[in-house]
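Asker: Using full-length UniProt numbering, the first residue of the sequence shown is number 1, and each one after it goes up by one.
Glycine included, C-beta positions come from ideal geometry on N, C-alpha and C.
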Amino acid sequence: GTIIMMLVLSWNLFLLVLITGPLAFGTGKLYGDLMANQQKKVQDALAESNSLAEEAIATIRTVKSFANEDEEIRLFHKKNDLVRKFSIRQALYC
1 GTIIMMLVLS
11 WNLFLLVLIT
21 GPLAFGTGKL
31 YGDLMANQQK
41 KVQDALAESN
51 SLAEEAIATI
61 RTVKSFANED
71 EEIRLFHKKN
81 DLVRKFSIRQ
91 ALYC
């Protein structure tokens, strides 16, 4: 009903909607998929970072006994840098 009414009232506008509608839908779908992919990368990197921190805290006595604090801190910073990189990339897509 609506499509026929649009065609009767203004065929020019109908053609414009017919062309731009799918284009807008496709662009939205592409953008949504891109954002979902970036969000997954951010969440995965954050999970790794949190897991590393949790493991280091749980085994703090072992880490200290081997004087390995600096290495654990370096690994944690490396994981957090990855989270920051993915978060910045995601923010740029918004």
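#1: Roughly how many whole angstroms lie between the Cα atoms of residue 58 and residue 84?
#2: Enumerate in chain order the residues of its own chain whose CB-to-CB distance from residue 76 is below 8 Å, with the five nearest sequence positions on each side excluded.
#3: Which residues bound the alpha helix (DSSP H) around residue 68?
#4: Indicate whether the contact test is met: 3 or more Cβ pairs, each with one atom in the stretch 33–44 and one in the stretch 2–16, closer than 8 Å.
#5: What's the gap between the Cα of residue 91 and the Cα of residue 82?
Answerer: The relevant details are as follows:
#1: Counting from 1 along the sequence shown, the entry for residue 58 is found at position 58. Counting from 1 along the sequence shown, the entry for residue 84 is found at position 84. In a straight line, the C-alpha of residue 58 is about 24 Å away from that of residue 84.
#2: Stepping through the sequence shown from its first residue, residue 76 is reached at position 76. If we look at residue 76 and ignore the five residues flanking it on each side, its Cβ neighbours are 49, 52, 53 and 56.
#3: The residue you call residue 68 lines up with position 68 of the sequence shown. Where residue 68 is concerned, there is no enclosing alpha helix (DSSP H), given that its DSSP letter is neither H nor E.
#4: no
#5: Position 91 of the sequence shown holds residue 91. Position 82 of the sequence shown holds residue 82. Distance between the alpha carbons of residue 91 and residue 82 is about 14 Å.
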